[in-house]
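Engineer: Protein chains in written order, with the numbering used here: chain A, 32 to 288; chain B, 16 to 269.
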Amino acid sequence: MKDRWARILAPVLLLLFLVGTWEVLVRWFHVQPFILPAPSQILIAFGDNFALLSWHGAITLSEILLGLLLGGLGGFLLAIAVFYSPLLDKALYPLIIGSQMIPVFAIAPILIVWMGYGLWPKVTVAALISFFPLVVNVSDGLREPSEPAVDLFRSMGATRSQIFWKLRLPASMPTLFSGLKVSATLAVVGATIGEWVGSRRGLGYLMLQSNARLRMNLVFAAILMLSILGLLLFGVLRIIERRVVHWRAAKADAGEV
Amino acid sequence: MNGTTALRIENVTKSFDQRSTRIPVLNSVSFELQAGTWTTVLGPSGCGKTTLLKIIAGLETPDSGRVLVDGSAASQLGATAYLPQHDTLLPWRTALGNAILASEIDGRSKDEAKREAMALFDHFGLSGFESMVPSQLSGGMRQRLALIRTFLTQRSILLLDEPLGALDPLTRATLQKWLLGVWDELKKTVLLVTHDAEEALLLSDRILVLTERPAQLQLDQGVQLERPRDRGSRALVDQKSQLLELLLKEGAIT
Ligand SMILES: Nc1ncnc2c1ncn2[C@@H]1O[C@H](COP(=O)(O)OP(=O)(O)OP(=O)(O)O)[C@@H](O)[C@H]1O
Ligand SMILES: [Mg+2]
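1) Give a single yes or no on whether residue 52(B) has its beta carbon closer than 7 Å to a heavy atom of ligand 2.
2) Drop a sphere of 10 angstroms on the beta-carbon of residue 16(B), count the other beta-carbons inside from all chains shown, and report buried for 16 or more, exposed for fewer.
3) Alpha carbons only, please: which of 203(B), 156(B), 181(B) and 179(B) is nearest the one belonging to residue 166(B)?
4) From residue 263(A) to residue 69(A), what does the alpha carbon distance come to, in whole angstroms?
5) Identify, in the order they occur along the chain, each residue of the same chain with its Cβ nearer than 8 Å to the Cβ of residue 150(B), setting aside the five sequence neighbours on each side.
6) Inspect the CB distances between the region 173 to 183 of chain A and the region 241 to 252 of chain A and report whether three or more fall short of 8 Å.
7) Could you tell me if residue 191(A) is buried or exposed, where buried requires 16 or more neighbouring beta carbons within 10 angstroms of its beta carbon?
8) Whole angstroms are fine: how far does the CA of residue 141(B) sit from the CA of residue 160(B)?
9) Identify the continuous beta strand (DSSP E) that holds residue 80(A) and give its terminal residues.
10) Kindly list the residues whose CB is nearer than 6 Å to the CB of residue 275(A), restricted to its own chain and excluding five residues on each side of it in sequence; keep chain order.
11) Which residues in the same chain as residue 206(B) place their Cβ atom closer than 6 Å to its Cβ, once the five residues preceding and following it in sequence are excluded?
12) Counting along the chain, where does the beta strand (DSSP E) carrying residue 235(B) start and finish?
13) Would you mind listing the beta strand (DSSP E) stretches within the region 195 to 223 of chain B that are 3+ residues and don't spill past its ends, in chain order?
14) For residue 276(B), count neighbouring Cβ atoms within 10 angstroms of its own Cβ and tell me buried if that reaches 16, exposed if not.
15) Of the residues 257(B), 240(B) and 210(B), which one's Cα is nearest the Cα of residue 60(B)?
16) Going by DSSP in three states, residue 75(B) sits in which element: helix, strand or coil?
17) For residue 221(A) versus residue 157(A), is the C-beta spacing smaller than 8 Å?
18) Could you check if residue 33(B) belongs to the surroundings of ligand 1, using beta carbon to heavy atom distance under 7 Å?
19) Are any of the Cβ atoms in chain A nearer than 8 Å to that of residue 210(B)?
20) Name the chain B residues whose beta carbon is nearer than 7 Å to that of residue 278(A)?
21) Leaving out the 5 sequence neighbours to the left and right, which residues in its chain are closer than 6 Å to residue 206(A) when beta-carbon positions are compared?
22) Kindly examine ligand 2 and report whether one of its heavy atoms sits closer than 7 Å to the Cβ of residue 29(B).
23) So residue 27(A) contacts chain B; which residues on that side make the cut at Cβ distance below 9 Å?
24) Is residue 71(B) buried or exposed, if buried means 16 or more other CB atoms sit within 10 Å of its CB?
25) Could you tell me whether any non-hydrogen atom of ligand 4 is closer than 7 Å to the CB of residue 228(B)?
26) Please list the segments of the beta strand (DSSP E) lying wholly inside the region 213 to 256 of chain A, counting only runs of 3 or more residues, in order along the chain.
27) Kindly say whether residue 138(B), judged by its beta-carbon, lies nearer than 8 Å to any beta-carbon of chain A.
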């Protein structure tokens with residue numbers, strides 16, 4: 032219990048300290064708000080524009096969630112396919128790795144050309160960027176069961192599908208969730224990039240617009256909103272993770288994000 | 016016992032490729048197990064005991080020779096209850112869920128399997144721990160759970176690979192007694208692998224001693240001791256030192 036409080040309190044105190052320092056420095060040196068607004072000004076802008084931020088935030092969030100869902104599902108299925116087909120493994124794995132060398136920034140404009148200014152190019156960018164951690168982690172997870180464990184199942188006369196459902200899939204849950212948490216953070220980045228490259232709504236759009244008009248406090252308020260969304264998503268995933276990977280819950284409580 | 020042959024091993028030979036060399040592991044091993052008897056395999060470390068059990072379970076195919084379960088040479092996968100040497104409890108399942116794994120694989124009724132499991136939990140002193148996950152159990156408890164799972168596999172032949180290997184002497188002695196009790200009740204055919212000559216003499220009707228790799232049958236001896244056996248009895252101590260001598264001559268006993 033004491034540990035738990037320390038885990039919540041420590042980062043909060045550090046954050047307060049950093050924000051406080053920021054506030055003091057901005058006031059001390061009379062930094063112009065259109066260069067760097069003080070945290071208090073950002074908070075005020077956040078409050079004043081809450082409806083606007085929520086509206087754009089909802090759009091960005093839906094892009095993030097859809098991207099994560101599609102990318103995650105794709106990565107998950109691909110990992111299974113690659114696991115069960117050595118041929119596919121040989122053919123696909125180098126391509127999957129290679130695809131990660133392509134910067135998403137480079138393909139986002141192309142996607143805009145193909146798909147227009149709507150939701151889908153952002154969803155696609157978020158999906159493309161978030162599927163990779165899942166492929167890697169689920170592949171590792173499916174290989175997790177030891178040889179003796181697989182032997183045990185085979186000795187009982189288990190079919191391949193029984194070994195998958197009762198052994199490999201549950202064994203892959205810890206790494207799947209590790210991957211999913213990384214993917215979620217990446218999906219936030221992906222959706223924002225998609226919006227920067229071309230859009231008429233979303234937090235990324237709001238940032239660019241406000242930036243151009245030197246409304247720096249609104250830029251920061253949008254960043255704050257984006258961080259809150261990212262943290263919420265991360266938090267929800269952790270709650271689900273604790274349910275699903277219940278046998279590790281005790282360990283996760285002791286530390287490790 | 017009733018004298019029907021439950022398991023027949025005929026000239027089983029096996030070698031493995033390791034790097035560029037081929038190492039022979041089993042060299043023409045043959046024996047038969049009578050239904051309802053307890054046979055123990057002793058042998059130096061790394062001689063091929065686990066390999067022998069895996070071949071019997073159908074997990075490895077012999078280079079030559081064959082294995083007959085109840086007279087049939089069909090694949091043995093699913094025909095025996097195998098307890099691997101290493102811990103294979105599923106960490107996400109409760110103790111009860113682990114115990115009834117085989118019944119799920121077989122598509123048997125879960126309720127019935129659970130009822131049978133409860134009786135064995137009781138026998139092995141695990142009552143009250145049914146809903147714990149393996150990480151909450153001690154080493155001895157996990158081993159008992161693995162044994163319960165093996166018994167609940169509901170096959171007449173049990174292949175036990177050093178089930179009491181990593182336990183302290185006291186737990187080990189208690190488990191030996193429990194094991195004998197269940198075996199007596201359930202009338203299974205047991206093939207046990209162990210390093211421990213005393214354990215072999217305490218438990219078995221018959222002892223097979225393997226040579227160093229490539230393993231051959233070196234000794235096939237019935238154990239003529241009245242049950243229940245006493246580890247301090249003169250006859251047992253004598254036979255134990257004879258066995259040890261034989262194993263030491265072979266070199267590596269651990
Ligand atoms: N799949 C495999 N591939 C290559 N070599 C193997 C394989 N399985 C076993 N071996 C080799 O076969 C030999 C016998 O192994 P095995 O596990 O059967 O011995 P063991 O008698 O059970 O040993 P221990 O007493 O330590 O459990 C060892 O030298 C091992 O390295
Ligand atoms: Mg072994």
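For glycine and all other residues, C-beta sits at the position ideal for the given N, C-alpha and C.
Structural biologist: Concretely, from the data shown:
1) no
2) Model confidence at residue 16(B) stands at a pLDDT of 45, short of 50, so the residue's coordinates are unreliable and nothing is read from them.
3) 203(B)
4) 24 Å
5) 106
6) no
7) exposed
8) 8 Å
9) Looking at the DSSP string, residue 80(A) is not in any beta strand (DSSP E), and its letter there is neither H nor E.
10) 204
11) 54 and 174
12) 232 to 237
13) 204 to 209
14) Outside the displayed range of chain B (16 to 269) lies residue 276(B), so it cannot be described from this structure.
15) 210(B)
16) coil
17) yes
18) yes
19) no
20) 106, 107, 148 and 150
21) 168, 171 and 172
22) no
23) As shown, chain A starts at 32 and ends at 288. That puts residue 27(A) outside it, with no answer to give.
24) buried
25) Ligand 4 is absent from the structure shown, which contains only ligand 1 and ligand 2.
26) none
27) no
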